[in-house]
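Have a look at the structure below before the remarks.
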Amino acid sequence: MAKKLLMGNEAIALGAIRAGVRVVTGYPGTPSSEVLETVAKNNSGGQIYVEWSVNEKAALEVAAGAAYSGARALVTMKQVGLNVASDPLMSLNYVGVKGGLVLVVADDPGPISSQTEQDTRRFAGFAKLALFDPSSPEEAYEMAAYAFAHSERYGRPVILRPTTRVCHSCASVEISPEIARRTPPGFEKSSRWTIFPKLVYENHQKIEDELVRARVEFSNMSHNFYTGGNAAGKKGIAAGGVSYAYVRENLKEDECKLLKISTVPFPDALALKFLDGLEEVLVAEELDPVIEDELVRLCGVNGISAKILGKRTGHMPRAGENTPEIVANAVSAFLGNAKTVSPDGAPEPPRLPVRPPVLCAGCPHRASFHAVKEAVKGTPAVFSGDIGCYTLGNAQPLDMVDTCLCMGAGVTVAQGLQRMAPEVLHFAFIGDSTFFHSGITGIVNAVYNQTDIIVAVLDNSTTAMTGSQPHPGTGVTMMGGQSEKISIEKVVRALGVSEVYKADPLDQKAAKEAVRGAAAQKGVRVLLFESPCIALLRGKEKPKYKINPEKCTGCTLCVKKLGCPAVSMESRKAYITPGLCAGCGLCAGVCPAKAILSEGGGQNV
Amino acid sequence: MFNCMIAGVGGQGTVLASKLIAAAAMSRGFNARTAETIGMAQRGGSVVSHVRVGAEIFSPVIPLGGADLLIAFEPAEGVRQLKYLSKGGLMVVCENAVKPASGALGGNTYDAGEMLAYLRASVSNLITANGAELAGENIKTLNVALLGIAAGSGKFPFEAGAFEEALQQMINPRFLEMNIKAFEGGKNRWTIH
Chain V
1043 MAKKLLMGNE
1053 AIALGAIRAG
1063 VRVVTGYPGT
1073 PSSEVLETVA
1083 KNNSGGQIYV
1093 EWSVNEKAAL
1103 EVAAGAAYSG
1113 ARALVTMKQV
1123 GLNVASDPLM
1133 SLNYVGVKGG
1143 LVLVVADDPG
1153 PISSQTEQDT
1163 RRFAGFAKLA
1173 LFDPSSPEEA
1183 YEMAAYAFAH
1193 SERYGRPVIL
1203 RPTTRVCHSC
1213 ASVEISPEIA
1223 RRTPPGFEKS
1233 SRWTIFPKLV
1243 YENHQKIEDE
1253 LVRARVEFSN
1263 MSHNFYTGGN
1273 AAGKKGIAAG
1283 GVSYAYVREN
1293 LKEDECKLLK
1303 ISTVPFPDAL
1313 ALKFLDGLEE
1323 VLVAEELDPV
1333 IEDELVRLCG
1343 VNGISAKILG
1353 KRTGHMPRAG
1363 ENTPEIVANA
1373 VSAFLGNAKT
1383 VSPDGAPEPP
1393 RLPVRPPVLC
1403 AGCPHRASFH
1413 AVKEAVKGTP
1423 AVFSGDIGCY
1433 TLGNAQPLDM
1443 VDTCLCMGAG
1453 VTVAQGLQRM
1463 APEVLHFAFI
1473 GDSTFFHSGI
1483 TGIVNAVYNQ
1493 TDIIVAVLDN
1503 STTAMTGSQP
1513 HPGTGVTMMG
1523 GQSEKISIEK
1533 VVRALGVSEV
1543 YKADPLDQKA
1553 AKEAVRGAAA
1563 QKGVRVLLFE
1573 SPCIALLRGK
1583 EKPKYKINPE
1593 KCTGCTLCVK
1603 KLGCPAVSME
1613 SRKAYITPGL
1623 CAGCGLCAGV
1633 CPAKAILSEG
1643 GGQNV
Chain Y
2 MFNCMIAGVG
12 GQGTVLASKL
22 IAAAAMSRGF
32 NARTAETIGM
42 AQRGGSVVSH
52 VRVGAEIFSP
62 VIPLGGADLL
72 IAFEPAEGVR
82 QLKYLSKGGL
92 MVVCENAVKP
102 ASGALGGNTY
112 DAGEMLAYLR
122 ASVSNLITAN
132 GAELAGENIK
142 TLNVALLGIA
152 AGSGKFPFEA
162 GAFEEALQQM
172 INPRFLEMNI
182 KAFEGGKNRW
192 TIH
């Protein structure tokens, strides 16, 4: 068998293909996006139906239909995406499935690229689902197939929950032979597919019984185990996810008992064997104290006197990502070993620059924000933001995002703000993919309730932040086809918005005029800023810009107004870094000395 | 176990460099594990790639003071991640600064010379390289050129030829030639010095 270098997300995708997945749906979200993309890349002969759905709720419902028909289906999303999909998920568990249905829900401790540090293991407990928690890409690969088999054995959806360090780490993964593909039997009509209170009660009882059965089964599952059974001490460590790898790295063979937990529900029988003879247990896990609470429960129920140390006792941090150092220090303090990490006597380093994430050089969002900012200068205004690259518009010097909550919330939060301050201009910025995901409902709400807001749609023809995925506005599908592009303008007009202003934000004059036009009206107005993401323009680059040092007065306006990473000051003159400039020309427009020139000749004002 | 960390700024191509190391290592019978920064932080933020090569590797992340090799695509990022370099470890650093976008807004700028002086004072095994000399017009090949220097040092537990094979496999044929040239340039530069 061959070994392949796979990123965790690729491993999950290939694991699902190996298990004969027939339908794959999802909505992009870091750190989960590469799972669906990898399936699409490896979809030889188009045997698997793959789609980016409009949002996570739609994705899960499409997959549910396929699973009702007996097909194996995979749904991918990030942790906050599960909040959107929670409505179908909660009742889908009661209804059940015929073909295996696996939700890949990627958690993001840190967080590195998310708006919460929620723990999907808790969600599985709440929704009464089985969940598999891999600690490496190798395990993720094996668990994908296991998860489908489990889902079919129990007739319930299950969750595979990697974290960022599994999703975005590569490993040498042993590729196993494909599991025989079966043809889905197809949908069979039955009362079981229609949820009714009586059915809910009966199924609730069944689900509770199944969870008890799964606890027993998971005690014998190969990814739940403990090592160091012959260790003499009275101390043990329990770990899950990537924290298990950090513990392993800091533990000598058989130094103490080490319990590895990879499932919800908890493998009680296995953990009881592990606890036997122990006086103290340290728990290493990220996000919520899930393993810790289960051990506390087991000790209480069984009258075991072992102390369980972890997040609740202050032995492990309650928030943020675990690092090898946090785990190493906790393990050595627990075992009474000398600290492994010793601070060296290196001299104090010079002050380091802070590097917050920024909009790319040439990003059309910068132009849109700048146009709005300039056009309404002096008028009181609140700028509600949303989820996407354009959240980065909050940074100085643009400072154009006053709120950001969750997908689609900008349009609706602006309405609440407007009710409390009708004399102020209320802008809601929303990207094209977010518009389709959950922005339309908010616009309907605004039109219906006659709110005074300006919705600025930043249409860059892609889902940029997560790596340029297509969406309904692009019409590109993951099956290689092209469907009718859904026009945002036609959608908002159909919703009853009559004031629609369209402009290319890189044409600042037209863009500012559009903003002024919208600001002068009442009711729901839509500003449509259309210009493609620069990541889509590779290969058809525009001429770059450069500074004429003779003309540059060193006024710094180009730097201070735009915050473009390509423009900086060098020896009191503006300087454009050649490799970074994307040729948008925005800086040329703000230069009062006309010192910024296009290498293609001429000047863009 | 051999640990290599790559430090840079989002967009400099650290992820490809780490994949090339992992692929080269695997082609010589090693196991590899990497950890990357992908997502919001990539947009001009500090990024690191951890690459670990060996028979049995648990953590994808290198512990502090554990890197045998630190390749810094940028001086300040080299200083930022210096805590990962092991005692006696080798550091390869590109001299050219990537200034933070907010730099000119006041206070948040820095002097590459000061960073390099600090590195020279603190790192006994240090190679500095001029990015413009290395990559010339093709700034996008800086990652591969720096990898070439590191490969030329003989620090990796496998020979430089493994990288050439990895380049053949992983680089788009359209850009292969210029990347091979960048790699060889880096490798020879080590040999000359």
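Protein chains in written order, with this note's numbering: chain V, 1043 to 1647; chain Y, 2 to 194.
Note that beta-carbon positions come from the ideal geometry of N, C-alpha and C, so glycine has one too.
- Between Ser1218/V and Arg1060/V, the C-beta spacing is below 8 Å.
- Under a criterion of Cβ atoms nearer than 7 Å, the residues of chain Y adjacent to Lys1045/V are, in order, Met27.
- Between the alpha carbons of Gly1509/V and Ser1155/V lies a gap of roughly 13 Å.
- Below the 7 Å Cβ cutoff, chain V contributes Leu1047 as neighbours of Ala24/Y, in chain order.
- For Arg190/Y, not one C-beta of chain V is nearer than 8 Å to its own C-beta.
- Rounded to the nearest angstrom, the gap between the Cα atoms of Gly1062/V and Val1254/V is 28 Å.
- Here the region 20-30 of chain Y makes no contact with the region 96-103 of chain Y; the two share fewer than three CB pairs at distances below 8 Å.
- Listed in chain order, the alpha helix (DSSP H) runs fully inside the region 1092-1127 of chain V are 1098-1110 and 1121-1126, counting runs of at least 4 residues.
- Between the C-alpha atoms of Ser1640/V and Pro1574/V there is a straight-line separation of about 20 Å.
- Bridge partners of Asn4/Y according to DSSP: Arg53/Y.
- Under a 10 Å Cβ-count criterion, Thr1206/V is classified as buried, with 16 or more other Cβ atoms of the shown protein chains found around its own Cβ.
- Closer than 8 Å to the CB of Asn4/Y there is not a single CB belonging to chain V.
- Residues of the region 57-68 of chain Y whose Cβ lies closer than 9 Å to any Cβ of chain V, in chain order: Ile58, Phe59, Ser60, Pro61, Val62, Ile63, Pro64, Leu65, Gly66 and Gly67.
- Of all alpha-carbon atoms in Val1242/V, Gly1112/V and Asn1262/V, the one lying nearest the alpha-carbon of Glu1230/V is that of Gly1112/V.
- The beta-carbon of Leu1340/V is placed no less than 8 Å from the nearest beta-carbon of chain Y.
- For Gly1167/V, there is no enclosing beta strand (DSSP E); the residue is part of the alpha helix (DSSP H) that begins and ends at Thr1162 to Ala1169.
- Apart from the 5 residues on each side of it in sequence, Pro1514/V sits with its Cβ closer than 7 Å to the Cβ of Val1096, Phe1478 and Ile1528 in its chain, given in chain order.
- Taking the beta carbon of Gly45/Y as reference, the chain V residues within 7 Å of it are Arg1397, Pro1399, Val1400 and Pro1607, listed in sequence order.
- Looking only at Met1520/V, Thr1516/V and Val1534/V, the smallest Cα-Cα distance to Glu1526/V is reached by Thr1516/V.
- Taking 4 residues as the minimum length, the alpha helix (DSSP H) runs contained wholly in the region 1051-1097 of chain V are 1076-1083, in order along the chain.
- Contact with chain V is found for Ile140/Y, since one of that chain's Cβ atoms lies less than 8 Å from the residue's Cβ.
- Neighbours of Glu115/Y across chain V, judged by C-beta separation under 8 Å: Pro1392.
- Residues of chain V with a Cβ closer than 9 Å to the Cβ of Asn32/Y are, in chain order, Lys1045, Ala1213 and Ser1214.
- Val1081/V and Glu1093/V have their C-alpha atoms some 10 Å from each other.
- Contact annotation for Pro101/Y against chain V: Pro1395, Val1396 and Arg1397 [CB-CB distance below 7 Å, chain order].
- Partner residues in the beta bridge of Gly1278/V, as assigned by DSSP, are Lys1299/V and Val1323/V.
- Shortest Cα-Cα distance from Pro1422/V to any of Val1466/V, Tyr1490/V, Pro1406/V and Pro1392/V involves Val1466/V.
- Phe1469/V and Thr15/Y have their C-alpha atoms spaced approximately 38 Å apart.
- Proximity to Tyr1136/V across Ile1237/V, Arg1064/V, Leu1401/V and Arg1163/V peaks at Ile1237/V, based on C-alpha coordinates.
- Distance between Phe159/Y and Glu165/Y, taken at the CA atoms: about 12 Å.
- Taking 7 Å as the upper bound on Cβ-Cβ separation, chain Y lies near residues Arg1207, His1210, Ser1211, Cys1212, Ala1213 and Ser1214 of the region 1200-1231 of chain V.
- Linking Ala1456/V to Ile1495/V through their CA atoms gives a straight-line distance of about 7 Å.
- Residue pairing by DSSP puts Ala1423/V in a beta bridge opposite Leu1467/V.
- In the DSSP assignment, Cys95/Y falls within the unbroken beta strand (DSSP E) covering Leu86 to Cys95.
- For Leu1124/V, the nearest beta carbon of chain Y is not closer than 8 Å to its own beta carbon.
- For a cut-off of 8 Å, the C-beta gap from Gln13/Y to Asn144/Y is around 6 Å, short enough to register as a contact.
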